[in-house]
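See structure below.
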Amino acid sequence: MIKKLTLAGVPHRSMEDDVYNGMFIPKGSIIVANTRGITLDEDVYKNPHTFNPSRYLHGEPHPVGQFGFGRRICPGRHLADSSVWIAIASILAAFDISPAKTADGRSIIPKEEFLSGITSHPKPFKCTIVPRNKTAGGIMDI
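Below is the structure:
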């Protein structure tokens, strides 16, 4: 399972009185999008708590909220998205990543455990990372 890093988006302030879905929002109100709730919507994501990256292979449903909303959406979102894609692709091309092994050679499958708080990320777990060849190990030296 991949969890959203943060529970909510960046707060925004309404610039003028507004009505949304019949609800009055006074000027100056602080609005915080519940991005975690949006990404766990079972009407959009089948089995949202299940790790299933292939659900995004055909571009739908498109994950929302990671770069904000509206006119204040992150201007560097395309650069950030591309940079993460290139970093992950480079790591996967250069290294074999597999579960750690016990003394008798059995795989240790990590539990899906996450730290909680304002941000969330996986608890530390053991794995084995081995260069695919001699050249690959040097590629990642910085």
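Residue numbers (the working numbering): 23 to 164. Backbone N, C-alpha and C fix where the C-beta goes; we use that ideal spot for every residue, glycine too.
Expected contact under 8 Å - CB spacing of V152 and F117 to nearest Å: With a Cβ gap of about 6 Å, V152 and F117 count as contacting.
Buried or exposed by the 16-neighbour rule on C-beta atoms within 10 Å, applied to T57: buried
So for I11, helix, strand or coil by DSSP? Any question about residue 11 goes unanswered here, given that the chain covers just 23 to 164.
Quick check: the Cα distance between K133 and M45, rounded to an integer number of angstroms? 42 Å
In the DSSP assignment, the beta strand (DSSP E) including D40 goes from what residue to what residue? It spans D40 to Y42 - the beta strand (DSSP E) in which D40 sits, taken as one unbroken run.
Does DSSP classify M23 as helix, strand or coil? With a pLDDT of 43 at M23, under the threshold of 50, the predicted position of this residue should be treated as unreliable, though the coordinate-derived value follows. Coil, per DSSP.
Looking at T150 and S120, is the spacing between their C-beta atoms short of 8 Å? In this structure, S120 places its C-beta atom within 8 Å of the C-beta atom of T150.
Which two residues bound the contiguous alpha helix (DSSP H) that contains D65? Segment: none, D65 is in no alpha helix (DSSP H) and carries neither H nor E.
Would you report the Cα separation of G92 and N43, rounded to the nearest angstrom? 17 Å
Rounding to the nearest angstrom, what Cα-Cα distance links K148 and T124 in this structure? 11 Å
Here's a check: name, in chain order, each residue in its chain whose Cβ is nearer than 7 Å to the Cβ of R99, leaving out the five neighbours to either side. F89
Compute the distance between the beta-carbons of R35 and G50, then report whether it is under 8 Å. Going by C-beta atoms, R35 is nearer than 8 Å to G50.
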